[in-house]
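Take a look at the structure set out below.
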Amino acid sequence: MAPVAIERRALRPNDVLLDVMYCGVCHSDIHAINSDWGKTNYPCVPGHEAVGKVIAIGSAVTKFRVGDIGGVGCMVDSCGTCEQCLQDREQSCVNATTFTYDAPDKVSGGYTYGGYSDKMVVAEHFVIRIPPGMDLAAAAPLLCAGVTTFSPIRHWQVKPGQRVGVVGLGGLGHMAVKLAVAQHARVTVFTTSPGKLADANRLGAEDAVLWTEAAAMTKLTNQFDLIISTVPEAYDMQPFIQALKVDATMVNVGALGTLEGGISGMGLAFGRKSLAGSMIGGIAETQEVIDYCNARNIKADVEVIRPDQINLAFDRVTKKDVRYRFVIDMAASKI
Ligand code: NAP
Ligand code: ZN
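So this note's numbering is basically just the index in the sequence shown, starting at one, shifted up by 5.
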């Protein structure tokens, strides 16, 4: 990662110009710069957890005024007219969602550039209102890590007292714990890092399990109503399918490449269990998680860095050494 000069388009009537203040560092940014999901178009400017001050608005903008704070998550455009967009599921637009970076830019041509930048120009529909008084560095990760874990908790209707498992305690995982605890679920963290066991309790989990120990997993057969997996790589999910109750679901939000085989058809069939996936959340749902967290004072645990520390941060995230989200202070690049 190195500095690069890019241009932003002139404001269209519905556009907002943001002076980026903070941008969270998602593991997806690392996948992108490494071309893990197919060839990336370089230069690539990652970042889809951006919070900034509105410094100019187009003539038709009604959602923002100059001086407001806005957030940009994982999407900046979609068709707005397909059955998915009409149901507030822009992330599944049948005519192709424009993701915040490295997606074909339907307005300017070329590819979109993300939030690791001084300024962003985004259509107002795709800018989230950040309520006054929020801790902005701690709010930034809600725009991806927050909504990605909030959405399955909502979709699978987690109820008070239900048991929720969270696999992988990183950026997404720690938000999954906080958001499931906020729904009064009983949360178990599955980690590979002994050093995170104590943190799991501090974050509100009831218990934490080193899932590398097979014996610990066997004890948990038929216990969970929902398991959210945030592990970035494919792994053997069968022990977790076994840990599900009848009719329960394991939702994978982490590993987006080819999954590992070895899942027992019999094991799924006998308990009518589901293995599902989930992709971020729509714009309305992203606004909902921001407002939900604002009302309950739920914040990401962040380590704020300067832009020139990004390579170090990527290394530490790759080594599972982040507690629990790096957030770039963009002001440090403007001095
Ligand atoms: P992260 O901060 O790096 O956290 C991932 C955690 O998973 C790590 O802290 C570690 O937790 C565990 N882990 C990492 N590598 C592992 C391995 N090889 N084997 C077992 N456990 C491992 O990453 P993140 O930002 O939360 O993102 C997680 C994944 O979700 C990424 O692949 C990202 O691309 C994806 N993602 C998906 C969506 C979506 O919409 N579906 C949205 C955002 C991100 P422990 O130390 O506790 O074991
Ligand atoms: Zn992300």
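Glycine included, every Cβ here is placed at the ideal spot set by N, Cα and C.
This structure is a prediction, so every number in the text was calculated from the model and none was measured.
field: Proximity of V350 and V172 at Cβ, strictly below 8 Å
entry: Given that the chain is displayed from residue 6 to residue 340, the structure contains no residue 350 and the question cannot be resolved.
Whose beta carbon lies closer than 5 Å to any heavy atom of the ligand ZN, going through the chain in order?
-> C31, S33 and C149
* Asked: Is the stretch 186-193 touching the stretch 208-221 in the sense that three or more CB pairs, one from each, lie closer than 8 Å?
  -> A contact exists between the stretch 208-221 and the stretch 186-193.
Close Cβ partners of W161 (< 6 Å) along its chain, the five nearest in sequence each way excluded | L231 and T254
Count the other CB atoms within 10 Å of the CB of K278; is the residue buried (16 or more) or exposed (fewer)? Counting C-beta atoms within 10 angstroms of its own C-beta, K278 has 16 or more neighbours from the protein chains shown and is therefore classed as buried.
Whose C-beta lies closer than 6 Å to the C-beta of T217 among residues of the same chain, with five residues either side of it excluded?
T197
Tell whether a beta-carbon distance below 8 Å holds between Y118 and I333.
Going by C-beta atoms, Y118 is not nearer than 8 Å to I333.
May I ask whether a heavy atom of the ligand NAP can be found less than 7 Å away from the beta carbon of E54? The answer is no for E54.
query: Comparing alpha-carbon positions, which option in L261, M284, A248 and G282 lies nearest S269?
result: A248
Write down every uninterrupted run of the alpha helix (DSSP H) in the stretch 21-93 whose length is 4 residues or greater and which is fully enclosed by it, in chain order. Here the runs fully enclosed are 32-38 and 88-91.
Any non-hydrogen atom of the ligand NAP within 7 Å of T196 CB: yes
task = Could you tell me the distance, in whole angstroms, from the CA atom of G57 to the CA atom of V127?
result = 12 Å
task: Tell me whether A300 counts as near the ligand NAP, meaning its Cβ is closer than 7 Å to at least one heavy atom of that ligand.
output: no
Considering only residues of the same chain and omitting the five flanking positions on each side of K339, which have a CB-CB separation below 6 Å? none
Secondary structure of R159, DSSP reduced to three states:
helix
**OP:** For L280, verify whether its CB is less than 7 Å away from any heavy atom of the ligand NAP.
**Re:** No, the ligand NAP has no heavy atom inside 7 Å of this Cβ.
Exercise. How would you write the range of the beta strand (DSSP E) that K250 sits in, first residue to last?
Worked result: For K250, the enclosing beta strand (DSSP E) covers residues L249 to N257.
Under 7 Å from any heavy atom of the ligand NAP, does the C-beta of A248 make it? no
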